[in-house]
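In what follows, a structure is listed as structure tokens, so that the remarks can point back to it.
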């Protein structure tokens, strides 16, 4: 069979957990138009939060050809996720580098950051 661990097999209390999520969702007028993919990730995110982890979510939106483009920002998904979770969700415009690192380092257990 499979020799894979599930999230529930790992003690995440006090740890920072990086989760690759599929938040490539339609955005209309700066708001999430269909949150099916975000809702699909909620059980994992909530499990991690309920068990004392700091959760760092990474995803992408679209495929900008010329580098970062504000129209592909994940900010609307972070705002929508905050409403679904009923708690603040941090956001970093950068996925790597000192800004993202500082945002991730500053997370406390029970906090969420979207890169």
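Residue numbers (the working numbering): 1 to 115.
Where a beta carbon is used, it is the ideal one built from N, C-alpha and C, also for glycine.
With DSSP run on the structure shown, which of helix, strand or coil describes residue i?
i: residue 56; result: strand
i: residue 99; result: helix
i: residue 31; result: strand
i: residue 39; result: helix
i: residue 7; result: helix
i: residue 113; result: strand
Using CA atoms only, rank isn't needed, just tell me which of the options is closest to residue i.
i: residue 45; options: 34, 35 and 57; result: 57
i: residue 29; options: 93, 73 and 42; result: 73
i: residue 78; options: 66, 98, 55 and 102; result: 55
i: residue 31; options: 88, 105 and 82; result: 82
Under the rule that 16 or more other beta-carbon atoms within 10 Å means buried, what is residue i, buried or exposed?
i: residue 8; result: exposed
i: residue 96; result: exposed
i: residue 76; result: buried
i: residue 90; result: buried
i: residue 6; result: exposed
i: residue 137; result: Because the chain spans 1 through 115 in this model, residue 137 falls outside it and cannot be assessed.
i: residue 42; result: exposed
Report all residues from its chain with a CB closer than 8 Å to the CB of residue i; omit the five preceding and five following residues, and keep chain order.
i: residue 13; result: 51, 52, 53 and 109
Leaving aside the five residues before and after residue i along the sequence, list all residues of the same chain whose C-beta is less than 6 Å from its C-beta, in chain order.
i: residue 15; result: 53
i: residue 115; result: 58, 92, 95 and 100
i: residue 66; result: none
Looking at residue i and the ligand FMN, is the gap between the Cβ and the nearest heavy atom below 7 Å?
i: residue 36; result: With respect to the ligand FMN, the structure shown offers nothing to examine, as it has no ligands at all.
Next on the checklist: Would the stretch 36-45 count as touching the stretch 14-26 if we require 3 or more Cβ pairs under 8 Å?
Outcome noted: Yes: the two stretches touch, three or more of their Cβ pairs being nearer than 8 Å.
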